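These notes concern the structure reproduced below.
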Amino acid sequence: MAIHRFSVLGPLGVHRGADVLAAGPPQQQAMLAVLLLSRNKTATACDLLDALWGDRPPGRPMSTIRTYAWRWRKLLEADPATPCLLVARGDGYELAVPDDCVDALVAERLMADAERALRRGEPDTARTLLRQAQDLWRGEPLLGVPGPFAERQRQRLRGLRLDLLEQRITLDLRGGRTEQCVRDLTELVAADPLRERSHALLMEALHREGKRADALAAFRHARKLLVDELGVEPGPELAALHQSILTGAPAEPAVREQSQSDDDHDGASPGPRPMPPPPAQLPPALPDFTGREELLAGLAGALTEQDRSAPAIVAVSGMGGVGKTSLAVQTAHRVRHSFPDGQLYADLRGNAGRPVPAETVLADFLMALGTDPASLPEALAARSALFRSAVDGRRLLLVLDDAHDAAQVRPLLPGTPGCAVVITSRTRLSSLPACFQKDLDVLTPVEALRMLARTTDRRRVDAEPVAAREVLDACGHLPLAVRVVAARLSARPGWSIGTLGERLRAEHRRIDELRTGDLAVRATFELGYRQLTPDQARAFRQAALLEGPLVAVSTAAAVLGVPEPDAEGLLESLVDLAVLQSPHPDRYRFHDLLRLFARQKSRTEHPGETVSVPRRQLDFLLATAREAFRWAVPDDPVGGALAETGTTGLAFADFKSAQRWAVDESEAALTLAGRIADGILGPGRPVDRTDGAVDPAAQPGADGGPALGRAVDLLIALSPFGPDPRLGEGLPTVRRLAEAAVRLQDRRTEGRARFLLGTYHLAAGEPVRAEAQARAAAEACRESEDLVVLRQASNDLGLITSYLGRPGEAVGHYDEAIALARALGHRSGELVTTVNAALARARSGQAAEAVTACESVLRGLRSRPDDVVRAFTHYVLGLALHALRRYEEAVTAFTDCLTVSRDAGLRSHGAQARFRMADSLRALGRQRPALEHARESLAALEEAGAARDTAQCLVVLGRIWTDLGDFTAARGCLERARESSLRLGLPETEEIAALLDAVPAA
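Numbering-wise, this note's numbering comes out as the position in the sequence shown, counting from 1, plus 3.
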């Protein structure tokens, strides 16, 4: 079969022997250009889409690409059914043709051969090779071929041709062929007027011909262009040549000649100084790099944007191990062909304790570009200016990895718009003129799983998907950690992923498990930790010891013992150093592995912190929760019965601000309380934490007040703002607190914990369990004479027995609670329990007495405003009036409840009142507005997870749909209500079943 030859240095051409083949439409040619210039590497589907259409692909682009591939196979292959030239690789294609069959690649080889000839001292051979390369050009490269890739290649090949011409002309000048050189250089300067190298060669050629005035005029012309277009003066080479012409010195060759060595005594003229090859210093890209595709595309686009007036600078920052270097190198390899003059790379070691001085980096860069080391200036400013001059007119890509700060980077930045720079750093370098800045986050779960599969055996990941996700969760999806576990699994084929997961589950050794060879998470974190000032390091460690998913500025200030502005400044500085994140104003978050690292630092180097920090957090949260409790229940004596801490907490301006704080800190409070309970229940020591450290916060009485009692009081203080049954740790945490109190034989704390446990069970729709805990709480409170909590437990027993369909028994519990409230002088508690008793009476056939009680309470509230009690009283009054069939008055009462609830932000009260009002409206024959209210109530109740109220609302909806004649919808609602009622053990189950039986068939 005849050999195919391809030409891109002009219109795209395809030849088979002497035959010229039709290259097809422009987009089809663009695909071939990608494959030809990828040098026998696979062009992925993503590469082809980007190359042909950029960010605007057509509909079904892969179908179009497959069509083009089929056409090329039909044209190039002997048997398209069994292709050997255009081969599918994954989701892309590879064109297997020798470099000698592509004219651009031949030109590059000839230029490389010319450079080698020069190094051997064979300038005539080099000149011949360069002319051969020059003769391959047939016009504008890839003329008429569309797409971003083709445009990048045109720019690269234009630069390649200019380099070639300049090298060939330099050799011609040395050979005395000045007349032809002047003509060529005049054309070259006209084609690229801002290229200083061409101007210098033209000045030299004119000077060698004895045309000194013309040479000086050429300098003036060049200077005017540079000043007018770029705002810069000519570089050192042009300026030095101008000076030598002015002084009449002999013309210096534009390319410096190699000096004679000490051993060179034969008197022969020195050979030319070798022209160094374009630097290609990029580290190898990771073959298994995974994810970040959208970010890669954004970085590549920013680096290769055309018509810039300044260098493209992109900066990527983030915590250690997040993959900044890998991303930077991957990006650089993706765009390297847009920078034909080379790629420079420097590890600035910004986090190694001693960052590399900018002067050292500049020296390395200048020598890579061909500067004689002996001519390097000492001063940083002079060396930086020389570097900018050396890169002027070139298309260079710089990768500056692990920068310490902007001051280290700024002298390394080029001044020409043809260059681009990729910078990585742990801190965000906001003061640099970057056109693209990105704070790099960890991988998404999908990306992390894909990375694990690519870097180890995919079959193992597919066989243990759950274990794989658990391992990745333990790694916090940190790329470095994922790469470590992948390497460990690859080196241990006998291990299951679950085996490694078990080893990572123990928090106290997780950091140490995440190492293999020279990859270690701890070592990476240590580099960042060493950069912290003593105050920053202390804030880093102590903030990590705080429980809860987020660190609040107020809590950090209390623990650190500094004013809030100072604490915020320290935390913000940690964010700047990428060891802390700030997802919300005044709230901060650790990556899980960094938190473990910081806690280990405290335990091993500052053990006192593990004693003081949890205790300070507990005291601060309790002090602030006491203040919040007073806003929620202003006159409740429980607030005065909570443990004193001796710590000043936050003050609140209103109920809503107190509520916001309580909701934000509830998870931290639960986690801290759980740690304390676990410590007391641990085998043979104060606490056995999951990270292996002794938890001093669990030591009862260590600072004069039992930590367990304070933890229970903290949750009681937060209870008016919850509990939220969706917060899964609530029930098990409070259960452990009760068990810990039993272990310590602390009846007072046990009574309070069991009271809390009863409220949690009730909120979760578990009335039977709630009753058992409330009875145990009442018994413990009587024994310990804790009358304040006994009143609460008695009130709760009334609620629970009423809930379970025993309203007569409920009235007895309420009467005991009312008597205790009077004894304690708790007027608002007395009113609430009176309304609770009225609710029980309304449900036990004493609705008239309930109406009288509610009206009395509402009169009492005129002098004692209490939105919570007022809203509840209107609600119970509405229920009693509905039971008396006074439906219009019931609607009014429920409307009043809605109004008060809306104004006070009481969503649960409002949702209950709305479906009860819907039932009264239904009884009045107003089914349509009833339906609207019931639907709105159902949505709110389901969102809140209020199981019993949801079931009751569904009953009301079922009745409304029955009245409207939509029996299918009615049965659907009532069946859901019956299922919930059965699950919750509600007494209404039989009533709901009867309603279902009464619904006519659809």
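For every residue, glycine included, the Cβ atom is placed at its ideal position computed from N, Cα and C.
Predicted model, so just to flag it, every value in this text is computed and none were measured.
Looking at the DSSP output, Q440 bridges to A318. Between the C-alpha atoms of A349 and A410 there is a straight-line separation of about 15 Å.
The beta carbon of E362 sits closer than 7 Å to those of L383, R386, all from its chain and outside the five residues before and after it, given in chain order. Assigned with DSSP and collapsed to three states, P588 falls in coil, not helix or strand. A direct Cα-Cα distance of roughly 25 Å separates D187 from G345. When beta bridges are read from the DSSP output, A46 appears opposite Y96. In this structure, L330 keeps its C-beta atom at 8 Å or more from the C-beta atom of V338. By the Cβ test, the stretch 27-42 is not in contact with the stretch 125-140, since fewer than three Cβ pairs between them sit closer than 8 Å. Fewer than three Cβ pairs drawn from the stretch 984-995 and the stretch 967-975 lie within less than 8 Å of each other, which leaves the two stretches out of contact. The shortest CA-to-CA distance from A393 to any of L369, H407, L400 is the one to L369.
In the three-state reduction of the DSSP assignment, T293 falls in the coil class. According to the DSSP secondary-structure assignment, I426 is paired through a beta bridge with A318, L403. When beta bridges are read from the DSSP output, S10 appears opposite G16. Around the CB of I6, fewer than 16 other CB atoms lie within 10 Å, so the residue is classed as exposed. Between L583 and V562, the C-beta spacing is not below 8 Å.
Closest in alpha carbon position to L145, among V424, R159, T527, is R159. When the Cα atoms are used, L443 and V325 turn out to be separated by approximately 7 Å. Exclusion of the five residues before and after V636 leaves P723 as the residues of its chain whose Cβ lies within less than 6 Å of its Cβ.
Selection A193, R134, S201 evaluated against R171 yields R134 as nearest (Cα-Cα). In this structure the stretch 465-480 does not touch the stretch 422-438; the number of beta carbon pairs closer than 8 Å is below three. Here the stretch 99-115 makes no contact with the stretch 55-62; the two share fewer than three CB pairs at distances below 8 Å. Within its own chain, the residues whose Cβ lies closer than 8 Å to the Cβ of R74, once the five positions on either side in sequence are excluded, are G27, Q31, listed in chain order. Rounded to whole angstroms, the separation of the alpha carbons of A526 and A546 is 21 Å. Counted as a single uninterrupted DSSP element, the beta strand (DSSP E) harbouring Q346 occupies residues 346-350.
Taking all protein chains shown into account, A216 has fewer than 16 neighbouring C-beta atoms within 10 Å of its C-beta and is therefore exposed.
Within the model, the alpha-carbon separation for E946 versus A973 is close to 22 Å.
In the DSSP assignment, V562 falls within the unbroken alpha helix (DSSP H) covering 556-563. Looking at the backbone, the Cα of E858 and that of C900 are separated by about 14 Å.
Between Q662 and G948, the alpha-carbon positions lie close to 19 Å from each other. Secondary structure remark: continuous alpha helix (DSSP H) runs of at least 4 residues inside the stretch 99-178, in chain order: 106-122, 126-137, 151-177. Apart from sequence neighbours up to five positions away, the residues of its chain that approach P358 with a beta-carbon distance below 7 Å are L351, R352, H407, Q411, ordered along the chain.
Cβ neighbours of D922 within its own chain (closer than 6 Å, five residues either side excluded): V959.
The DSSP-derived three-state label of L503 is helix.
Exclusion of the five residues before and after A570 leaves V556, A559, A560, L563 as the residues of its chain whose Cβ lies within less than 6 Å of its Cβ. Judged by their CB atoms, F758 and A775 are not nearer to each other than the 8 Å cut-off. For the pair A926 and V879, the CB atoms are not nearer than the 8 Å cut-off.
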